[in-house]
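A.B. asks: The following block contains the structure, expressed as structure tokens.
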Amino acid sequence: MYAGIESANTIITNMPLYYDTDNTNYNTRLGEGYFLRAYFYLTLVSQYGGVPLKLKPSTGVETYFTRATEEECFAQVISDFKAAYDLLPTTPEATGRITQAAAAHFLAKTHLTRASELYNPWNSTYVEDDLDKVIMYGQEVVDAHPLCTNYVELWDYQQANGANENVSEVVLAAQFSDDNSTWGRFGNQMHLYYPSVYQDISGTKRDISGDREFCYARTTNYTMDVFDRVNDSRFWKSFITSYGCNSTADAPEWNEENASLGPVGSVAGAKRFVGGDLAIKYIVNDAGDNRYNPVTNDVTGVLKNGTMQNTHTFVRYFDGENHEWVGQHGNEGYYGVQKRFVALSKFRDGYRVSISSQFGTRDAILARSADDVLMIAEAYIRKGESQYNNAIIWLNKLRDRAAYMDGEDRSIHTDGGQAYKNNSYCEGKGGGYSADGAIFYDRNTYYESNQDMAVTTASTLNELHLSSIDDIYNSPVDVPIYNALGCASNADKMMCFLLNERTRELCGETLRWEDLTRTKTLEARFKAFNDGWVRGNSTFNADKHYYRPIPLSFLNAITNENGEALSAEEKQAMQNPGY
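Shown next, in the form of structure tokens:
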């Protein structure tokens, strides 16, 4: 971060000294310098609290630094973003360049962050104006970057630099492509973090369309249950529930025992599925579903209404199992330790240059206007009950879009894995492994997951649209979450609903930790919904865990005012509490 700050300081300091103010790009370059410095400092203060504020470029080696207060850091961030806002153009001079709308987005985010509970010890004089600024800047962003008509447009990646990477909703994105000169040291690696492991299941081999399964972040029961999975299309447009077969040779066969349980026509010795067929499916059902039961001595064998499924099948709840926020049910196993789960699909990248490549080709979205919609709604909620109806107006912009449209096929699945079809590296090799097929599969398990759901193409707008405050207080999806978190007051329920809506809209988009820390809801949600906490594998200290630790490498590298290495006591004084 400080390397970036140093570059920004150089721009801000040297532009007035060496460049003509009449130069066409003068304001843009200077505005970019202010934006980048503010962006880096916002990241730092949100993670660590007050940090050293360095606002001039170095002329030599510097080793003595003191931490500014959070209040001072936020003031500097707002000042820099405002300078950027005043200097940057409304339209980018080139793809990926920073605009006034990007500055407005992060001004809204900074003002909302400063107005949040984590900073209550000192923020009271700022809150009223901050909330007004959130609404003002957020509305500017939404006007400049209208929401996509369909949520899936955001994730419908088909090839590098394709139409999907130019949708109106994206305010700012880091640019990547299949040109390795855009990759930097690592490329866009978001595609690595979320996949569930599939390569060790018979009939499926790792390929380009399915991504490498680093399996760093997995879904929880909360993530499954926060969605209305019948009416809210965002769930099915954000998660993978079906995987194709790309290896007929090692696909499973029916044996004498399970062939008798299988569909009519199942024969011992025959393949249960072949290349191009559905190989793995996840059934995202609710407790009380009596259709599914396990097959003895077959981890992925599942009976549906007494018939064994030909696919490897993972079910959330078997017949007779009760709802739990944490713990074991179905055959996915314990949420804290297992590698099989319903995986996020937003960042799948089927346009990579090889199966083993970690270098992603997709642009990395840093800001989209849906976040501004939610920030505006939150600002109105924070203003009190008299403004709740205004919050609903903004929430409905996203909920109305999330509804299934009239005529929409709910069984279709779309994600960036499909880009393999346009990828020359996959030519003649299906999804990149073999001509048998691809891991990417263009159907989901909507109808199998939702019990007694008849095929329909009717709109669900009426089911998702909020008609009154009571629709929030009495939401059948959200009430169990209110209860789990002990939300009693209307204000508690409104903020809980807002944070739930942020999950539904922004899940996996690297905003959650900061949302839960700034609102000081991390502890309650961690203890209610995290499997590790309930099993005693994790701890939470409210005096410690709302901030990250200052890196030891930094503390070891700096000196005190006398140029001496910091003593243990001086390091502790510079460190955040509890670390």
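Remember, this note's numbering sits 815 above the position in the sequence shown when you count from 1. Idealized CB from N, CA, C, for every residue including glycine.
Spatial neighbours of I1287 within its chain, please: CB distance less than 6 Å, with the 5 preceding and 5 following residues excluded, ordered by chain position.
C.D. replies: So the qualifying residues of the chain are F1312.
A.B. asks: So A883 packs on L868, CB below 8 Å; how close in whole Å?
C.D. replies: Rounded, the Cβ-Cβ distance is 4 Å, consistent with contact.
A.B. asks: Buried or exposed for P1067, please, with buried defined as at least 16 other CB atoms from any protein chain shown within 10 angstroms of its CB.
C.D. replies: When all chains shown are included, P1067 counts as buried.
A.B. asks: In whole angstroms, give me the CA-to-CA distance for A919 and W1209.
C.D. replies: Approximately 18 Å, taken between the alpha carbons.
A.B. asks: Rounded to a whole number of angstroms, what is the C-alpha to C-alpha distance between A909 and N840?
C.D. replies: If you take the alpha carbons of A909 and N840, they lie about 12 Å apart.
A.B. asks: Here's the rule: buried if 16 or more other CB atoms are within 10 angstroms of the residue's CB, otherwise exposed. What is Y1031?
C.D. replies: The residue is exposed, with fewer than 16 neighbouring Cβ atoms inside 10 Å.
A.B. asks: Assess contact between the stretch 1039-1055 and the stretch 1227-1234, defined as three or more Cβ pairs (one per stretch) separated by less than 8 Å. Is contact present?
C.D. replies: Yes, they touch.
A.B. asks: With C-beta atoms as the reference, is N1238 less than 9 Å away from G1175?
C.D. replies: No, the pair does not count as a contact, with Cβ atoms beyond the cut-off.
A.B. asks: Restricting to Cα atoms, I'd like to know which of A1094, D1101, Q1143, N1277 is closest to Q1124.
C.D. replies: The residue with the shortest Cα to Cα distance from Q1124 is A1094.
A.B. asks: Alpha carbon to alpha carbon, what distance is there between D1251 and T1091?
C.D. replies: At residue 1091 the sequence reads Gly, which differs from the Thr that was named. For G1091 and D1251, the distance between alpha carbons rounds to 6 Å.
A.B. asks: Please report how far the alpha carbon of E1136 lies from the alpha carbon of F850, in whole angstroms.
C.D. replies: E1136 and F850: Cα-Cα distance of roughly 52 Å.
A.B. asks: Since T1063 and V1099 are thought to touch, with beta carbons under 8 Å apart, how far apart are those beta carbons, to the nearest angstrom?
C.D. replies: 27 Å between Cβ atoms; not a contact.
A.B. asks: Would you kindly report the start and end of the unbroken alpha helix (DSSP H) that includes V1188?
C.D. replies: Taken as a continuous stretch (DSSP letters only), the alpha helix (DSSP H) holding V1188 covers 1184-1197.
A.B. asks: Here's the rule: buried if 16 or more other CB atoms are within 10 angstroms of the residue's CB, otherwise exposed. What is L1367?
C.D. replies: By the 10 Å Cβ count, L1367 comes out exposed.
A.B. asks: With a CB to CB cut of under 8 Å and the five nearest residues on each side skipped, what residues in its chain are close to D1215?
C.D. replies: Taken in chain order, the residues that qualify are L1276, L1279, H1280.
A.B. asks: Measuring straight from C-alpha to C-alpha, what distance separates E1320 and S1075?
C.D. replies: One C-alpha to the other measures close to 44 Å.
A.B. asks: Should the stretch 1025-1039 be called in touch with the stretch 969-987, which here means at least 3 C-beta pairs below 8 Å?
C.D. replies: With a cut-off of 8 Å, the stretch 969-987 and the stretch 1025-1039 do not count as touching, because too few Cβ pairs lie within range.
A.B. asks: Looking at the unbroken alpha helix (DSSP H) that takes in P872, where does it start and where does it end?
C.D. replies: Unbroken run through P872: none, as it is neither H nor E.
A.B. asks: With a Cβ-Cβ cutoff of 9 Å, do T861 and V967 count as a contact?
C.D. replies: Looking at the sequence shown, residue 861 is not Thr but Ser. Taking 9 Å as the Cβ cut-off, S861 and V967 do not qualify as a contacting pair.
A.B. asks: Whole angstroms are fine: how far does the CA of N1345 sit from the CA of G1151?
C.D. replies: For G1151, the predicted model reports a pLDDT of 48, less than 50, meaning its position is unreliable and no value from the coordinates is stated.
A.B. asks: Are L845 and M816 close, meaning C-beta to C-beta below 9 Å?
C.D. replies: No, the pair does not count as a contact, with Cβ atoms beyond the cut-off.
A.B. asks: Kindly list the residues whose CB is nearer than 7 Å to the CB of K897, restricted to its own chain and excluding five residues on each side of it in sequence; keep chain order.
C.D. replies: Hits under 7 Å: L922.
A.B. asks: Give the secondary structure of F1129 by DSSP, where H, G and I count as helix, E and B as strand, and everything else as coil.
C.D. replies: The answer is strand: DSSP assigns F1129 an E or B state.
A.B. asks: Which of the three DSSP states, helix, strand or coil, is assigned to N1108?
C.D. replies: DSSP places N1108 in strand when its eight states are reduced to three.
A.B. asks: What does the alpha-carbon distance come out to for the pair N1305 and G953?
C.D. replies: Straight-line Cα distance between these residues: approximately 25 Å.
A.B. asks: Taking the straight line between their C-alpha atoms, what separation do you get for G1246 and I1254?
C.D. replies: Cα-Cα distance, rounded: 7 Å.
A.B. asks: Quick check: what's the CA-CA separation for K871 versus L1331?
C.D. replies: Approximately 33 Å between the Cα atoms of the pair.
A.B. asks: I need the straight-line Cα distance from I820 to E1223, nearest angstrom please.
C.D. replies: Between I820 and E1223, the C-alpha separation is close to 47 Å.
A.B. asks: Using the Cα positions of A1273 and V1045, report the straight-line distance between them to the nearest angstrom.
C.D. replies: Approximately 12 Å between the Cα atoms of the pair.
A.B. asks: Please determine if the stretch 1340-1359 and the stretch 1367-1385 are in contact, where contact requires at least 3 C-beta pairs separated by less than 8 Å.
C.D. replies: Contact fails: fewer than three Cβ-Cβ distances are below 8 Å.
A.B. asks: Keeping to the same chain, check which residues put their C-beta closer than 8 Å to that of V1110; ignore five residues upstream and five downstream.
C.D. replies: N1073, L1076, G1116, V1117, L1118, M1123.
A.B. asks: Answer yes if the stretch 1188-1200 comes into contact with the stretch 999-1012, meaning at least three C-beta pairs across the two stretches below 8 Å, and no otherwise.
C.D. replies: Touching, no.
A.B. asks: Taking the continuous alpha helix (DSSP H) assigned at I1227, which residues delimit it?
C.D. replies: No alpha helix (DSSP H) contains I1227, which DSSP labels as neither H nor E.
A.B. asks: The beta strand (DSSP E) that contains G1175, what's its start and end?
C.D. replies: Where G1175 is concerned, there is no enclosing beta strand (DSSP E), given that its DSSP letter is neither H nor E.
A.B. asks: By Cβ distance, which residues of its chain are closer than 6 Å to I1207, with the 5 residues on each side in sequence left out?
C.D. replies: Counting only Cβ-Cβ distances below 6 Å, and skipping sequence neighbours, we find L1281.
A.B. asks: Hey, could you find the ends of the alpha helix (DSSP H) I1373 is sitting in?
C.D. replies: From DSSP, I1373 is part of no alpha helix (DSSP H); its letter is neither H nor E.
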